[in-house]
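In terms of the numbering used here, the sequence shown opens at residue 214 and continues consecutively.
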Amino acid sequence: MLRIEGVHTFYGAIEALKGVDLHVEEGEIVAMIGANGAGKSTLLMTICGVTPARRGQIVFDSNDITAERTDNIVRRGIACSPEGRRIFPRMSVLENLRMGALTSDPARYDDNLATVFELFPRLKEREGQRGGTLSGGEQQMLAIGRALMSEPTLLLLDEPSLGLAPLVVKQIFEAIHRINSQRRMTVLLVEQNAHHALRLAHRGYVMVTGQITMTGTGRELLENPEVKAAYLEGGHA
Ligand SMILES: Nc1ncnc2c1ncn2[C@@H]1O[C@H](COP(=O)(O)OP(=O)(O)OP(=O)(O)O)[C@@H](O)[C@H]1O
Ligand SMILES: [Mg+2]
Numbered sequence: 214m215l216r217i218e219g220v221h222t223f224y225g226a227i228e229a230l231k232g233v234d235l236h237v238e239e240g241e242i243v244a245m246i247g248a249n250g251a252g253k254s255t256l257l258m259t260i261c262g263v264t265p266a267r268r269g270q271i272v273f274d275s276n277d278i279t280a281e282r283t284d285n286i287v288r289r290g291i292a293c294s295p296e297g298r299r300i301f302p303r304m305s306v307l308e309n310l311r312m313g314a315l316t317s318d319p320a321r322y323d324d325n326l327a328t329v330f331e332l333f334p335r336l337k338e339r340e341g342q343r344g345g346t347l348s349g350g351e352q353q354m355l356a357i358g359r360a361l362m363s364e365p366t367l368l369l370l371d372e373p374s375l376g377l378a379p380l381v382v383k384q385i386f387e388a389i390h391r392i393n394s395q396r397r398m399t400v401l402l403v404e405q406n407a408h409h410a411l412r413l414a415h416r417g418y419v420m421v422t423g424q425i426t427m428t429g430t431g432r433e434l435l436e437n438p439e440v441k442a443a444y445l446e447g448g449h450a
């Protein structure tokens, strides 16, 4: 579904991605783990066309999207829930969700909204509340819900568990599991919470300073001594 080959991304002279290769197959949950500054967010922003690749190729559903504009990439079926959630704080929950629906068919708006509310009943209860006054967990639900309103086939999630209490983290990961298993949504997930992410994911990649250093099934990576030492038994998990 998604194939990334030899992607290099720069911020000015800083090379944040140094030749990244990865693929995501339809129906998978794929986790990308790595320490602060490894380049995980840059990878998602490169896929979305926010920080386009300077070299390499990104192919989605057999289309080369390497140099495509973000809005066109969204129309092709990729949605991103960015790091730090970035919901619209002064808009209500419903208005935030409406913003996510701008690229999708208005005729399916009600169905899509019902899907989001079924996944996150809390958002239905809070539909009139301003985004900025939601709890951290609710804001994360809203960020995911907003991404789902564009009817993606591939959902990109940047650190959905960031800053959340363990119980809320569990709820968010359960919701991602349901989105994948019940809605057949393909998910590429970036996380510092390696333990949860690798347990949820079918496959995973480890990124270190702009390069993929390891890949395997979620279970293989969970049991890998190097992954354990660096991401599971240290301060990251
Ligand atoms: N706008 C920017 N301008 C310059 N350098 C940047 C910019 N954004 C990110 N970088 C640099 O690119 C590298 C990768 O950053 P990125 O945000 O992708 O890391 P990350 O893996 O998502 O980290 P974290 O886990 O802390 O979110 C870092 O060295 C960072 O300082
Ligand atoms: Mg990041």
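Ideal placement from N, C-alpha and C gives every residue a C-beta, glycine not left out.
Query raised in the report: Who are the near neighbours of residue 401 in its chain, counting only those whose CB is closer than 6 angstroms to its CB and skipping five residues on each side?
Result: Counting from 1 along the sequence shown, the entry for residue 401 is found at position 188. Hits under 6 angstroms: 237, 243, 369.
**Report entry** Contact set, ligand 1 heavy atom to C-beta under 6 angstroms
**Finding:** Selection output, chain order preserved: 224, 227, 229, 247, 249, 250, 251, 252, 253, 254, 255, 296, 405.
Requested in this report: Please classify residue 401: does DSSP put it in a helix, a strand, or coil?
Outcome: Numbered from its first residue, the sequence shown carries residue 401 at position 188. The three-state reading of DSSP puts residue 401 in strand, counting E and B together.
Query - Pair within 9 angstroms by beta-carbon distance, residue 233 and residue 420 - result: Along the sequence shown, one-based indexing puts residue 233 at 20. Along the sequence shown, one-based indexing puts residue 420 at 207. A contact, by the Cβ cut-off of 9 angstroms.
Query raised in the report: Can you tell me the Cα-Cα spacing of residue 311 and residue 325, whole angstroms?
Result: Position 98 of the sequence shown, counted from the start, is the residue given in the question as residue 311. Position 112 of the sequence shown, counted from the start, is the residue given in the question as residue 325. In this structure, the CA atom of residue 311 is about 10 angstroms from the CA atom of residue 325.
Query raised in the report: Can you tell me the Cα-Cα spacing of residue 383 and residue 355, whole angstroms?
Result: On the sequence shown, position 170 is the one that residue 383 refers to. On the sequence shown, position 142 is the one that residue 355 refers to. Rounded to whole angstroms, residue 383 to residue 355 spans 16 angstroms at the Cα level.
**Report entry** Cβ-Cβ separation, residue 245 to residue 403 (assumed contact under 8 angstroms), whole Å
**Finding:** Taking the first residue of the sequence shown as 1, we reach residue 403 at position 190. Taking the first residue of the sequence shown as 1, we reach residue 245 at position 32. Yes, they are in contact, since the Cβ atoms of residue 403 and residue 245 sit about 5 angstroms apart, within 8 angstroms.
Query - Segments of 4+ residues assigned as alpha helix (DSSP H) that fall wholly inside the segment 423-450 - result: Listed in chain order, the alpha helix (DSSP H) elements of length 4 or more contained wholly in the segment 423-450 are 431-436.
Query raised in the report: Going along the chain, which unbroken runs of the alpha helix (DSSP H) with 4 or more residues stay wholly within the segment 321-347?
Result: If we require 4 residues or more, the alpha helix (DSSP H) runs fully inside the segment 321-347 come out as 322-332, 334-338.
Query - Proximity to residue 216 [Cα-Cα], best of 259, 225, 284 - result: Here residue 216 refers to the residue found at position 3 of the sequence shown. Cα-wise, what sits closest to residue 216 is 259.
**Report entry** chain D contact for residue 342 (CB, 9 angstroms cutoff)
**Finding:** Of the protein chains in the structure, only one exists, and it is not chain D.
Query raised in the report: Residues bridged to residue 218 by DSSP?
Result: For this step, residue 218 is matched to residue 5 along the sequence shown. Answer is 270.
Query raised in the report: Is the beta carbon of residue 250 sitting closer than 9 angstroms to the one on residue 422?
Result: Locating residue 250 in the sequence shown gives position 37, where the first residue counts as 1. Locating residue 422 in the sequence shown gives position 209, where the first residue counts as 1. If you check the CB distance, residue 250 and residue 422 come in under 9 angstroms.
Query raised in the report: Below 9 angstroms between beta carbons: does that hold for residue 262 and residue 286?
Result: Sequence index remark: in the sequence shown, residue 262 carries index 49 (1-based). Sequence index remark: in the sequence shown, residue 286 carries index 73 (1-based). For residue 262 and residue 286, yes; Cβs fall inside 9 angstroms.
Query raised in the report: Which whole-angstrom value is the C-beta distance of residue 316 and residue 284, which I expect to be below 8 angstroms?
Result: Working through the sequence shown from its first residue, we reach residue 316 at position 103. Working through the sequence shown from its first residue, we reach residue 284 at position 71. Contact flag correct, Cβ pair sits at about 7 angstroms.
Query raised in the report: Going by the C-beta, is residue 372 closer than 8 angstroms to any heavy atom of ligand 2?
Result: Position 159 of the sequence shown, counted from the first residue, corresponds to residue 372. Residue 372 Cβ: within cutoff of ligand 2.
Report task. Give a single yes or no on whether residue 381 has its beta carbon closer than 8 angstroms to a heavy atom of ligand 2. Result -> Within the sequence shown, the letter at position 168 stands for residue 381. Checking every heavy atom of ligand 2 against the Cβ of residue 381, none is found closer than 8 angstroms.
Report task. Could you give the DSSP three-state label for residue 377: helix, strand or coil? Result -> Residue numbering aside, residue 377 sits at position 164 when the sequence shown is read from its first letter. Three-state result, residue 377: coil.
Query - Residues bridged to residue 510 (per DSSP) - result: Because the chain spans 214 through 450 in this model, residue 510 falls outside it and cannot be assessed.
Report task. To the nearest angstrom, report how far apart residue 428 and residue 434 are at their CA atoms. Result -> Position 215 of the sequence shown, counted from the start, is the residue given in the question as residue 428. Position 221 of the sequence shown, counted from the start, is the residue given in the question as residue 434. Here the C-alpha atom of residue 428 lies approximately 7 angstroms from the C-alpha atom of residue 434.
Query raised in the report: Helix, strand or coil: how does DSSP classify residue 232 here?
Result: Here residue 232 refers to the residue found at position 19 of the sequence shown. Of the three classes helix, strand and coil, the one that applies to residue 232 here is strand, per DSSP.
Query raised in the report: By the 10 Å Cβ neighbour count, where 16 or more other Cβ atoms means buried, how is residue 439 classified, buried or exposed?
Result: Counted from its first residue, the sequence shown places residue 439 at position 226. Flag for residue 439 reads exposed.
Query raised in the report: Can you tell me the Cα-Cα spacing of residue 364 and residue 290, whole angstroms?
Result: Here residue 364 is taken as the residue at index 151 of the sequence shown, counted from 1. Here residue 290 is taken as the residue at index 77 of the sequence shown, counted from 1. Here the C-alpha atom of residue 364 lies approximately 7 angstroms from the C-alpha atom of residue 290.
Requested in this report: Tell me whether residue 300 is buried or exposed, calling it buried when 16 or more other Cβ atoms sit within 10 Å of its Cβ.
Outcome: Locating residue 300 in the sequence shown gives position 87, where the first residue counts as 1. Burial call: buried.
Report task. Measure the C-alpha to C-alpha separation of residue 336 and residue 330 and round it to an integer number of angstroms. Result -> Here the question's residue 336 lines up with position 123 in the sequence shown. Here the question's residue 330 lines up with position 117 in the sequence shown. Cα to Cα, the separation comes out at about 6 angstroms.
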